[in-house]
Each structure stands twice: as structure tokens, then as C-alpha cells.
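Undergrad: From first to last, the protein sequence lines stand for chains A and B. One rule links them: number in this note's numbering = place in the first sequence (from 1) + 1390. One rule links them: number in this note's numbering = place in the second sequence (from 1) + 5. For glycine and all other residues, C-beta sits at the position ideal for the given N, C-alpha and C.
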Amino acid sequence: MFNYLIRRLFTSILVLFGISMLVFSVIHLVPGDVTMAILGRQKVTEEKVAELREQLGLNDPLYVQYGRYLGNALRGDLGKSIRTNQSVSESIAEQLPSTFALAMSALVVALSIGAILGLLAALRHGTWVDTLVMGLSVSGLSIPTFWMGLLLILFFSVKLKLFPSISNGSSFADLFLPALTLGLPEAAVVARMVRASMLDVLNKEYIITARAKGLGERMVILKHAMRNALIPVVTFVGLQMAYLLGGATIVETMFARQGIGRLAVQSIFNRDYPMVQGVVLVTAAIYVLINTLTDITYGFLNPKIRLK
Amino acid sequence: MTSNLTPSISRSNAPGIRLLRQILRNRSAQFGGILLILLVFASYAAPLFTDKDPNKTAPSVALQPPSLEYPMGTDNIGRDNFTRFLYGGRLSLRVGLAGITIGALIGITLGLTSGYFGGWVDAIISWFTDVLMAFPDILLALAIIAILGPGITNAMLAIGFAFVPSFMRLTRSSVLSLREMTYIEAAKALGSSDARILVKHILPNSIRTLLVLITLGIGSSILAGAALNFLGLGAEPPTAEWGAMLNAGMKFVRQAWWLTFFPGLGIFLAVLSINLIGDAVSDAVAGTTILSEKK
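In C-alpha cells:
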């Protein structure tokens, strides 16, 4: 186990290292002179360009710049916004809780609805219930997040006037529509997984044994089948967080919610490179962290993985 | 292979044709296929269905609800929504197709190289894909847009790059399992060059697995393209494109539901049709129906 842990952590560190290099190079990959891209059509004086180059540290050799970027990032300093002069780390720290609340509530939606539908489909395998759930699921996979959001807004907010279409807080009413928008397409994925996993488990010998022992159907399903069927789904949560963090970009923009997704999109429009770099770096780092933890937990649970 | 029931078909084509037959027999693939043909036909033969100009404004008929004259209503500057819907489909479908093509070309090339040559080439390419994989979903596309700047061509490139890791990984693992096969060793012994072995022997045998990723990927790619356009990072006004139309219609969601409903329906139906076909392809190829990826 110890070896596995070390090996897994080492891979993650290598990946984080690569992420930092990629994020660092964003500003250098901009076609043409990055200062021109930032200053745009403003009347540009020589001093202004020189000042900006100095501020971004573009005058040093590349390896010095990268070393400085990495060193600062490790100390939590991601530079300053070119537009507002605010600290990038502080801006991200301000926006992160809102995105986190959204992702978490969407995860609850995805797992609960997905698990119920998946179980129903598996238990009624081959009936119209199964067909309906699978139909809903393939529709859920094909529906664009933003259109789903719009349909929810049209129904709940414009027609029924139940929930706000612009929502910034973390109360139930504020989170209801954004969480459904983000969570429902993911519920489609969960439902498919639960169904497949449950069907697989129901054919296992220990289920036949349990039935042969004369256990009630409810007991067989709840105590033996469901528990085992849900394991692969739980390990899938890490991957889902990635989808939810990415999808938050669209949902936040659509509901005019605070959050790092919206911050990223606005910073791209503002050509605020340090801010874009910061958001991308932090999101990717969170994702790597979640994945590493998932893998390690899985390694604890399943010895086969460790030996690979 | 040696079936004598179909003597007219040349043997090298037989597996491909059998696969195609199996896909065509699938009920949901039939439905998806017809839907897709209708959508493609409607958008590319747009002038047959409408004589209006997608960009012609007519302020006097702004925000009209759907009627016989304007089947999908009009927008805030009086453009015909139906005409824009038809023409917009062209761009949305093209973004999806271009994205997946770029992703597949780069990803498959990297995967072939990485899997076949192994060693440090493999180590570097694999590390690079691991890094790309660490960017959730749309974030990689956003980072690329941040570099290149917004625009429709850049959106296609961004989506393409975002697909590189999945294609690279799948190709690589397929090459790794094929590399040790006897017929590859035989080809080597006969003096075939690496390039010839890769293109003539390994690629054709990887195609079946890649086919699933390609079909389902077109759907994901259309979704991703529409998302970038919806965020305002793709097509610039007044270009008609489904995602961009949705974005513009958001401002009038209370007065004019038709401006957001129809473009979204277009994206949904396009992706649905492709996912239905993709499911049948994966059924035919592997005998499973699990859509492994959602973008």
C-alpha cells in the first residue's frame, strides 16, 4: 500500500508540475505581443507598454519567469489582476465557496435522482419502466446544459414564478434551479451506471444464494445487491466533480451567479491574463487533488488496483 | 470471413459491411439516422424552405410570436428566427465536425507514435496527455480560447485540442495490445517500415474501437461548440449559430420564449441523433450500451 501511495502521489506531482508549465505559458503563447492584446485599441504610449512589461515580468529570461511564477504560486501568490489590480488569489478565494455550493448541490441532485432511476430500471429490467428511464437518460446526455437551464427558467421562473432566474446566494431557493440545471444531465450518466452495475450484481451467485436461502426480495435487494452495485458509482464521484466544475462555467454565466467559472469567462473577455491563469491553475489543481484522493481511497478498498 | 452467403462482396470489406448492417438494423440508430439526415438537409438546403435572409433586419416586426409568416417568430430586430435556425444549423454542425476531426487527427497520431515506439517518446506523450486530462471538461477549451482569443475558428481548434487526450489514450492502449501480435512481428520480419506497419496494419485494426469514440465524440463536440458560442466566445454577431442565438435570446427570455427554445431544440436533436447512432455503433462493436463519456 505504501508503495502504491508514493507512486500515485509522485504521478500527481508530475501532473501538477505540467499544469503549472502549461498555465504559465498561456501568456507567452498569445499570438503577437501580449501587451498589445491587453492594451488593445487604447492609445498606447511607449512608457505604458514598458510599464506593463515590467509589471508582468516579461523582461526576464523565460526560465527566470517560470521559476518566479512557480515559487509565487506555491506560496499562494498568483499575481494581480491587470484590470482591477486586485490579488488573483483573493478574488478566487472570494468566488470559490459559491461554485463549491453549486457543485455540491448538483452532485446531490445527480446521485439521488440517478440512483433512483437506475435502480428502478434495473429492477424492472425489460419493461416499459426500463425503456422510459433509458430514453430519459439518452436525452439527458444529449441536452445542452444551457438549454436545460433555459427550459427550467421558462417553466419555474417565468411561468410559475416560483424560483428566481438570477440567483446569487446559497439558500435553497437560490440554488434550486442552478443545481437542477447542472445536476440533471449528470443524473443521466449515474442512472446508466447504476442500472448496468445493478443488473450485473443481480446475476451474481451470492444473490441466487440469498434468494435460495429464502430471504425476502426486499432484503436481497437492499442488503445484498444495492450495496455492491453502488460501489463503482461512488468511485465515479471524483470524475463527476470535474464535469461539475467545468459545467459551473455555463450555469454561473446563465444565472448571473458568483463563482470561479464566471470569473474565468469574464477574465477572458477582459484579456485579464493573470486572472485566467489563476482560475485555470486552481481548478485543475483541485481536480487533480480530488482524483488522487479517489484513487487512493479506491486503492484502500480494492487490493487488485494496488498491485497494478 | 469465409462465409459463402455473400460471394459478391470483396473479402477485405466484409467485416466493415457486416458492422454497418448491424448498426443499420438497430431501431434507435434508424431513428437517429433519419433525424440527423433531416437536420442536415434542412440546414444545407435552407433556401428551399425559406426565401428570407438570415441577417435582414425589419424593426417593424420585432419580437413577433410564431405565426404562419414567421414559423419560429422574430427576434428583437425583426430577423426571421426560422431562417436563422436553418442557417445556424450549418455552423453548429460544422463546428462539431471540425472539432472532432482536429482532435482525432492529432490524438490518433500521438497515440500511434506513443504506443508503437514506447520508451521515452511514450513517457513524454503520456505525461503530456495526463496533464491535458487534468483540465476539467470545458476548462481546457477556455484556456485555449484565452490564448487564441474568441472567434469561430479558434473555438473549433479549442474543442479539437480538448479531444486530443481521449483519442491519444484509446489509440495508445489499442496499439499496445496489437504490437505484440504475430502478424505485426511477421510484417517486421518481412522488412516493412514502421510507418507502413502503423498505417497498414495497426491503424485498421484499431478503427473499431476508435469508431465509438468518433461517433459519440461528434455529439460532444457539437455540445461543446454550442457551449462556447453560448458563452459568447465563438461566432460573432450577426452570424447565425444555435449557441450564439441562445445567448442573444437570453435577454428576452421573459418576452420571447421562441428565441431560446428553437435553437436549443436544434442542438438537442442534433446531439440526440448522434448519440442514438453512437449507442448502436458501440453495441455493434463491443456488445455494450454504456456511453462512457459525457462532455
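Using only the alpha-carbon positions, how far apart do A/VAL1528 and A/ASP1450 sit?
TA: Within the first sequence, the letter at position 138 stands for residue 1528 of chain A. Within the first sequence, the letter at position 60 stands for residue 1450 of chain A. When rounded, the distance between both Cα atoms is 53 angstroms.
Undergrad: Taking the alpha helix (DSSP H) that A/ARG1458 falls in, what are its first and last residues?
TA: In the first sequence, the residue the question calls residue 1458 of chain A occupies position 68. Taken as a continuous stretch (DSSP letters only), the alpha helix (DSSP H) holding A/ARG1458 covers 1452–1464.
Undergrad: Helix, strand or coil for B/THR79? Go by DSSP, reduced to three states.
TA: As a working mapping, residue 79 of chain B is identified with position 74 in the second sequence. Three-state DSSP puts B/THR79 in a strand.
Undergrad: At what residues does the alpha helix (DSSP H) containing A/ASN1593 begin and finish?
TA: Taking the first residue of the first sequence as position 1, residue 1593 of chain A is located at position 203. For A/ASN1593, there is no enclosing alpha helix (DSSP H), as DSSP gives it neither H nor E.
Undergrad: State yes or no: is the C-beta of B/ILE279 within less than 8 angstroms of the C-beta of B/GLY224?
TA: Within the second sequence, residue 279 of chain B is the residue found at index 274, counting from 1. Within the second sequence, residue 224 of chain B is the residue found at index 219, counting from 1. Taking 8 angstroms as the Cβ cut-off, B/ILE279 and B/GLY224 qualify as a contacting pair.
Undergrad: Please name the residue, chosen from B/ALA148, B/PHE133, B/ASN81, that lies closest to A/LEU1419 on a Cα-to-Cα basis.
TA: Walking along the first sequence from the start, residue 1419 of chain A turns up at place 29. It is B/ALA148 whose Cα lies nearest to the Cα of A/LEU1419.
Undergrad: Can you tell me whether B/SER13 is buried or exposed? The criterion is at least 16 other CB atoms within 10 Å of its CB, across all chains shown.
TA: The residue you call residue 13 of chain B lines up with position 8 of the second sequence. Reliability fails at B/SER13, whose pLDDT of 46 lies under 50, so the model's placement of it is uncertain and no value is given.
Undergrad: Report the residue ranges of all alpha helix (DSSP H) runs contained in full by the region 1446–1534 of chain A; include only those spanning at least 4 residues, in chain order.
TA: Counting whole runs of 4 or more residues, the region 1446–1534 of chain A contains the alpha helix (DSSP H) stretches 1452–1464, 1478–1513, 1518–1532.
Undergrad: Going straight from the alpha carbon of A/GLN1455 to that of A/PHE1414, what length do you get?
TA: To locate residue 1455 of chain A, count along the first sequence from 1; it is residue 65. To locate residue 1414 of chain A, count along the first sequence from 1; it is residue 24. A/GLN1455 and A/PHE1414: Cα-Cα distance of roughly 9 angstroms.
Undergrad: Since I believe B/MET255 is in contact with B/THR244 (beta carbons under 8 angstroms), could you give me their beta-carbon distance rounded to a whole number of angstroms?
TA: In the second sequence, counting from the first residue as 1, residue 244 of chain B sits at position 239. In the second sequence, counting from the first residue as 1, residue 255 of chain B sits at position 250. Incorrect: roughly 17 angstroms between the Cβ atoms, too far for contact.
Undergrad: Say whether the region 1485–1502 of chain A touches the region 1617–1632 of chain A, bearing in mind that this needs 3 or more beta-carbon pairs closer than 8 angstroms, one atom from each stretch.
TA: yes
Undergrad: What whole-angstrom Cβ distance do B/LEU115 and B/VAL169 have, given they're in contact under 8 angstroms?
TA: Here the question's residue 115 of chain B lines up with position 110 in the second sequence. Here the question's residue 169 of chain B lines up with position 164 in the second sequence. Indeed, because the Cβ distance is near 7 angstroms, the residues count as touching under 8 angstroms.
Undergrad: Among all the DSSP beta bridges, which residues are the ones paired with B/ASP85?
TA: Against the second sequence, residue 85 of chain B aligns to sequence position 80. B/THR79.
Undergrad: Measuring straight from C-alpha to C-alpha, what distance separates A/MET1631 and A/LEU1570?
TA: In the first sequence, residue 1631 of chain A corresponds to position 241, counting from 1. In the first sequence, residue 1570 of chain A corresponds to position 180, counting from 1. Near 15 angstroms, if we compare the C-alpha coordinates of A/LEU1570 and A/MET1631.
Undergrad: To the nearest angstrom, report how far apart A/PHE1400 and B/PHE133 are at their CA atoms.
TA: Taking the first residue of the first sequence as position 1, residue 1400 of chain A is located at position 10. Taking the first residue of the second sequence as position 1, residue 133 of chain B is located at position 128. Rounded to the nearest angstrom, the two C-alpha atoms are 15 angstroms apart.
Undergrad: Look up B/SER297 in the DSSP assignment and say whether it is helix, strand or coil.
TA: As a working note, residue 297 of chain B is residue 292 in the second sequence. Summary for B/SER297: the model assigns pLDDT 39, below 50, so the residue's position carries little reliability; its value from the coordinates is reported in the next sentence. B/SER297 falls in the coil class under three-state DSSP.
Undergrad: Say whether chain B places a C-beta atom closer than 8 angstroms to the C-beta of A/GLY1649.
TA: Stepping through the first sequence from its first residue, residue 1649 of chain A is reached at position 259. Taking 8 angstroms as the CB threshold, A/GLY1649 stays off the interface with chain B.
Undergrad: Does A/PHE1536 get closer than 8 angstroms to chain B when you measure Cβ to Cβ?
TA: Locating residue 1536 of chain A in the first sequence gives position 146, where the first residue counts as 1. Closer than 8 angstroms to some Cβ of chain B, the Cβ of A/PHE1536 qualifies, so yes.
Undergrad: Between the C-alpha atoms of B/ILE42 and A/LEU1544, what's the straight-line distance to the nearest angstrom?
TA: Translated into the one-based positions of the second sequence, residue 42 of chain B becomes position 37. Translated into the one-based positions of the first sequence, residue 1544 of chain A becomes position 154. Distance between the alpha carbons of B/ILE42 and A/LEU1544: 30 angstroms.
Undergrad: Can you tell which of A/ALA1674, A/LEU1683, A/TYR1688, A/ILE1686 has its C-alpha closest to the C-alpha of A/LEU1406?
TA: Stepping through the first sequence from its first residue, residue 1406 of chain A is reached at position 16. If we check each option's Cα against that of A/LEU1406, A/ALA1674 comes out closest.
Undergrad: Which same chain residues end up closer than 8 angstroms to A/VAL1519 when comparing Cβ atoms and leaving out the 5 residues on each side of it in sequence?
TA: Mapped onto the first sequence, residue 1519 of chain A falls at position 129. Cβ within range, chain order: LEU1510, ALA1511.
Undergrad: Using only alpha-carbon positions, find the residue among B/LEU277, B/PHE87, B/ASN81 that is nearest to B/TYR75.
TA: Residue 75 of chain B sits at position 70 when you count from the first residue of the second sequence. Ranking the options by Cα distance to B/TYR75, first place goes to B/PHE87.
Undergrad: Consider the Cβ of B/LEU238: report whether some Cβ of chain A lies at a distance smaller than 8 angstroms.
TA: Translated into the one-based positions of the second sequence, residue 238 of chain B becomes position 233. Cβ-Cβ to chain A under 8 angstroms: yes for B/LEU238.
Undergrad: State the DSSP-derived secondary structure class of B/SER8, mapped to helix, strand or coil.
TA: Translated into the one-based positions of the second sequence, residue 8 of chain B becomes position 3. A caution first: B/SER8 carries a pLDDT of 46, below 50, which makes its placement in the model unreliable, though a value can still be read off. Correct three-state label for B/SER8: coil.
Undergrad: Who are the Cβ neighbours of B/VAL66 in its own chain at under 8 angstroms, not counting the five residues just before and after it?
TA: Sequence index remark: in the second sequence, residue 66 of chain B carries index 61 (1-based). These residues qualify, in order along the chain: TYR75, THR79, GLY83.
Undergrad: Could you tell me the distance, in whole angstroms, from the CA atom of A/ILE1676 to the CA atom of B/ALA151?
TA: Counting from one through the first sequence, the residue named residue 1676 of chain A turns up at place 286. Counting from one through the second sequence, the residue named residue 151 of chain B turns up at place 146. Cα to Cα, A/ILE1676 sits roughly 20 angstroms from B/ALA151.
Undergrad: From the DSSP output, in three-state form, read off B/SER17 for me.
TA: Residue numbering aside, residue 17 of chain B sits at position 12 when the second sequence is read from its first letter. Here the model assigns B/SER17 a pLDDT of 47, short of 50, so the residue's position is not dependable, and the following value carries that caveat. Note: B/SER17 maps to helix in three-state DSSP.
Undergrad: 8 angstroms is my cut-off, CB to CB: does A/THR1337 come that close to chain B?
TA: What the structure shows of chain A is the stretch from 1391 to 1698, and residue 1337 of chain A is not part of that stretch, so it cannot be assessed.
Undergrad: What residues from chain B crowd round A/GLY1636, counting only those whose CB sits closer than 8 angstroms?
TA: As a working note, residue 1636 of chain A is residue 246 in the first sequence. Per Cβ cutoff of 8 angstroms: PRO141, ASP142, ILE143, LEU144.
Undergrad: If we define contact as Cβ-Cβ less than 8 angstroms, is A/TYR1459 a contact residue for chain B?
TA: Here residue 1459 of chain A refers to the residue found at position 69 when the first sequence is read from its first residue. Chain B contact via Cβ: absent.
Undergrad: Verify whether the separation of the beta carbon atoms of B/GLY230 and B/ILE143 is less than 8 angstroms.
TA: Working through the second sequence from its first residue, we reach residue 230 of chain B at position 225. Working through the second sequence from its first residue, we reach residue 143 of chain B at position 138. Result no, Cβ atoms of B/GLY230 and B/ILE143 do not sit closer than 8 angstroms.
Undergrad: A/ALA1493 versus chain B: which residues are under 9 angstroms apart at the beta carbon?
TA: Indexing the first sequence from 1 puts residue 1493 of chain A at position 103. For the C-beta of A/ALA1493, not a single chain B residue is nearer than 9 angstroms; the gap to the nearest is close to 11 angstroms.
Undergrad: Using Cβ-Cβ distances below 8 angstroms, what residues of the region 216–240 of chain B are close to chain A?
TA: GLY224, LEU228, ALA231, ALA232, PHE235, LEU236, GLY237, LEU238
Undergrad: In or out: A/GLY1651 buried (at least 16 other Cβ within 10 Å) or exposed?
TA: The residue you call residue 1651 of chain A lines up with position 261 of the first sequence. A/GLY1651 comes out buried.
Undergrad: Along chain B, in chain order, which residues have C-beta atoms closer than 9 angstroms to that of A/VAL1580?
TA: If you number the first sequence from 1, residue 1580 of chain A lands on position 190. Identification of chain B residues near A/VAL1580 by a Cβ-Cβ cut-off of 9 angstroms yields none; the smallest Cβ-Cβ distance measures about 10 angstroms.
Undergrad: In terms of alpha-carbon separation, which member of B/PHE235, B/VAL45, B/ILE28 lies closest to B/GLY94?
TA: Taking the first residue of the second sequence as 1, we reach residue 94 of chain B at position 89. Selected option, being the one with the closest Cα: B/VAL45.
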